[in-house]
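This report refers to the structure that appears directly beneath it.
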Amino acid sequence: MEDYLVIVESPAKAKTIKKYLGKKYEVKASMGHVRDLPRSQIGVDVEQHFQPKYITIRGKGPILKELKDAAKKVKKVYLAADPDREGEAIAWHLAHSLNIDQDSDCRVVFNEITKDAIKDAFKHPRPINMHLVDAQQARRILDRLVGYKISPILWKKVKKGLSAGRVQSVALRLIVEREQEIQQFKPEEYWKIKSLFNEKGETFEAFFYGKDNKKMELKNEQEVNQILGQIKGDTFTVASVQKKERRRNPALPFTTSSLQQEAARKLNFRARKTMMIAQQLYEGIEIGKETIGLITYMRTDSTRISDTAVEETQKYIEQNFGKNYLPNKKRTAKQTKNTQDAHEAIRPTSSFREPKEMKKYLSRDHYRLYKLIWERLVASQMAPAVMDTMSVDLNNNGVVFRATGSAIKFPGFMKVYVEGTDDNKAEENALLPDLKENSEVKAESIEPSQHFTQPPPRYTEARLVKTMEELGIGRPSTYAPTLDTIQKRGYVKLEERKFVPTELGTIVLELITEFFSEIVDVDFTAKMENDLDAIEEGKQNWIKIIDDFYEGFEKSLKKAEEQMKEVEIKDEPAGENCEKCGHEMVIKIGRFGKFMACSNFPECRNTKPILKDIGVKCPSCQKGNIVERKSKKGRIFYGCDRYPECEFLSWDKPINRKCPKCNGMLVEKKTKKKTQVVCSSCDYAEEG
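Going by the UniProt record's numbering, the sequence shown opens with residue 1, and the numbers climb by one from there.
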């Protein structure tokens, strides 16, 4: 018979830990929380100091019974849920349900699921940390009060099925305000002048910098013509040459936020997918005959790594790259004011488990994410890259063109990994020819080009997570669920992987902003996160924090009940009749935006998507028009409006021109870096 029972959240984690602990330990999974607030009611007694009413979660009765039966048969029960607030709360609920003394040494925590870490953790059990539990309870109760008090008002005044949330409302506000910025944006004209120079057969580019060594912006064609008129001939004098050596440091190891951002940029992963795969890598993967947790815990806002991990990683670097790839001094973690620093950064549990060796044991997505985490960790402990940079000013009658170039002198960490960017800028340009001051070079061409300033970009998941982190909204465990919720509610939609607010989302935000301004106030939400951190640290009382919030919130609720006007979202006529019953079709707003439905509902339940005509005749049947459609996963594609009679389909957007080479269909081919017009039938391509 086993002497000890260990309870974790998931079967995968249980399976891994069981192999390390041996025969005396039985390891079982609670499948997450076993108790929670009831779904059918608010479950918080506002009159009795916000005491929560916890019940066994529906469907968890058999699991709880199994755990109780197992607990009776052993000497001691250890609660080994994840090492964060949520994990501490799961352990506390289990202790309550299984009659375990929460002040006994029943709690075991570990940051990585490896043999040494597990065995060491069981040598140092501790009581349940009620500060962590209280911080989780406070967040749960705050979110329940906001959601269950505001949502019924929105149902009554707007439509059923709507909801409001503390963090989700601020995220929605960021998206809506960005869309308003884009709509109000007025493009401003500006010009560039590019020149191609030749130095002894080597060509290089330079751009207009200014006049008489003063920088100058070109705002219109008239100013451009004045500059071009001032240039005399095609000979330029090299006015100055500046050469510098620049050092570039590697990025620090991953936090939850930076991992989600980089996985979006480099792997095209959604935040939820990143966290799901990271969880599986943390809980354990079958490596030969052994189950091993490949990465450390994936919910963290710290970039700190243990001394042991640093030593092991530097040993790997020295063995595989040489001593010159080691930094001169230890790189320290960068902490922000919101960093909790409860755990290490996300890193491989061993630097010596190279991705190429692990590949045969991993799925494609597991391999790609593990490789990203491994490369980031190894690169973070390597020497800086050394760049030779060069800047050259070329003068012709007071008109100055500037050329810049750089080359890698020593790759350092760049031999392993370079952090991605959101703006897709080219990484480095080549070094310029060896130009000498006062020498002369010929301009082969001088070409002006007109440009217009662009509005701020819509939020991608990566940009929104980064912004939320910078503003102190939410914490590592909340980013992915928040983004999920605002999409499920139909408040935003993804177009080309960017968030666009729906009409419904805009309406809901306007009402919440008018009557519950604190809920969507960025500073207020960030302060609340800091208060939750203070509860975790034992510096604040959770009841007082909620009481302070509820005092003003209750007044806002009463005002909204009395003064919020009903918003009628009228159905617009769609301009066509239902092909099933003949009644008029109308345009409705649903979770995923607008769609057409029969006005004879519920007798007729016919619905159709609203198709956007892109103004191109179908190249297949020559009768229909090409329309924009969406796949089940929300990806845009293009098809004939005569479907299913015509089954033409294209993931690339067709354009209203024929290929000059083969008369085939031209399409817009989009990559991460550019959009290019190419032929769908031959190798014709236009410059992007």
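Just so you know, even glycine gets a beta-carbon here, dropped at the ideal spot from N, CA and C.
By how many angstroms is the C-alpha of residue j removed from the C-alpha of residue i?
i, j, result
"V238", "F207", "14 Å"
"K588", "P501", "16 Å"
"A171", "P253", "26 Å"
"L326", "I305", "17 Å"
"W651", "A309", "45 Å"
"I486", "A91", "30 Å"
"E579", "K612", "19 Å"
"I295", "P125", "22 Å"
"V522", "G420", "28 Å"
"R497", "Y479", "16 Å"
"K273", "K53", "33 Å"
"V6", "A29", "9 Å"
"V44", "V146", "12 Å"
"E9", "V465", "26 Å"
"E2", "W374", "37 Å"
"C662", "K630", "30 Å"
"K359", "K371", "9 Å"
"N320", "K409", "20 Å"
"A135", "R364", "37 Å"
Take residue i as the anchor and find which of the options has the nearest alpha-carbon.
i, options, result
"E447", "K194, A135, K13 and L79", "K194"
"L504", "L154, K18 and K24", "L154"
"N129", "K580, A263 and E88", "E88"
"P660", "A526, S680 and V44", "S680"
"E286", "E603, E562, C621 and T16", "T16"
"E584", "A117, T607 and A462", "T607"
"residue 693", "P619, K653 and G284", "Residue 693 is absent from the structure shown; the chain starts at 1 and stops at 688."
"R265", "V400, R463 and K488", "R463"
"Q280", "K13, Q622, L666 and L372", "K13"
"A534", "L94, R58, R85 and D36", "R85"
"D547", "T300, P355 and Q51", "Q51"
"K156", "E568, M596, R173 and G293", "E568"
"Q184", "Y361, P455, R140 and D307", "P455"
"G32", "E576, L174, Y25 and I63", "I63"
"S350", "N324, K315 and K323", "K315"
"K243", "E518, E318, A403 and D103", "A403"
"M275", "R247, P481, S517 and V492", "P481"
"I292", "L174, D422 and K115", "K115"
How about residue i and residue j: are their beta carbons less than 8 Å apart?
i, j, result
"I150", "A138", "no"
"L369", "I277", "yes"
"P83", "F110", "yes"
"H131", "E537", "yes"
"P411", "A385", "yes"
"Y459", "R178", "yes"
"T467", "V167", "no"
"W191", "S599", "no"
"S445", "L196", "yes"
"T235", "E440", "yes"
"residue 698", "Y417", "The requested residue 698 is not part of the displayed model; the chain covers only 1 to 688."
"S302", "E262", "no"
"P602", "V586", "no"
"I231", "N395", "no"
Suppose the cutoff is 7 Å on Cβ atoms and the five residues either side in sequence are ignored; what does the same chain contact list for residue i look like?
i, result
"D531", "Q540 and I545"
"K119", "Y20"
"L67", "I7, K28, S30 and L98"
"A426", "At A426, the pLDDT of 46 sits below 50, so the modelled position is not reliable; the number obtained from the coordinates is stated separately. Closer than 7 Å at Cβ, skipping near neighbours: no residue."
"residue 767", "Only positions 1 to 688 of the chain appear in the structure, and residue 767 is not among them; the question remains open."
"G624", "C618, C640, D641, R642 and C646"
"Q676", "K669, A685, E686 and G688"
"V667", "S650, D652, K653, P654, I655, V678 and S680"
"T339", "Legend: pLDDT at T339 = 49, less than 50; position of this residue unreliable, value from coordinates given subsequently. Cβ neighbours of T339 beyond the five flanking positions: D301 and S302."
"P187", "F452 and T453"
Which residues in the same chain have their Cβ closer than 8 Å to the Cβ of residue i, if we skip the five residues on either side of it in sequence?
i, result
"K330", "V310"
"E290", "K19"
"I42", "R144, L145, Y148 and K149"
"A407", "M387, D388, E428, A430 and L431"
Item to check | beta strand (DSSP E) runs wholly inside the segment 292-358, at least 3 long, in chain order | outcome: none
Item to check | Continuous alpha helix (DSSP H) assignments of at least 4 residues falling wholly in the segment 224-291 | outcome: 256-267 and 271-283
Item to check | Complete alpha helix (DSSP H) runs within the segment 427-483 (minimum length 4 residues, chain order) | outcome: 461-471
Item to check | Sequence ranges, beta strand (DSSP E) only - wholly within the segment 34-80, length at least 3 | outcome: Runs of the beta strand (DSSP E) inside the segment 34-80: 76-79.
Next on the checklist: My parser needs the alpha helix (DSSP H) runs of 4 or more residues fully inside the segment 501-539; what are they?
Outcome noted: 503-515 and 522-536
Next on the checklist: Going residue by residue through the segment 594-645, where are the continuous beta strand (DSSP E) segments of at least 3 residues, counting only ones entirely within it?
Outcome noted: 607-609, 612-617, 625-630 and 636-640
Next on the checklist: In chain order, what are the residue ranges of uninterrupted beta strand (DSSP E) at least 3 long that sit wholly in the segment 535-586?
Outcome noted: 572-577
Checklist entry - Which runs of the beta strand (DSSP E), 3 residues or longer, sit entirely within the segment 368-402? => result 385-396
Checklist entry - Where are the beta strand (DSSP E) runs, 3 residues long or more, that stay fully inside the segment 146-224, in chain order? => result 189-199 and 202-211
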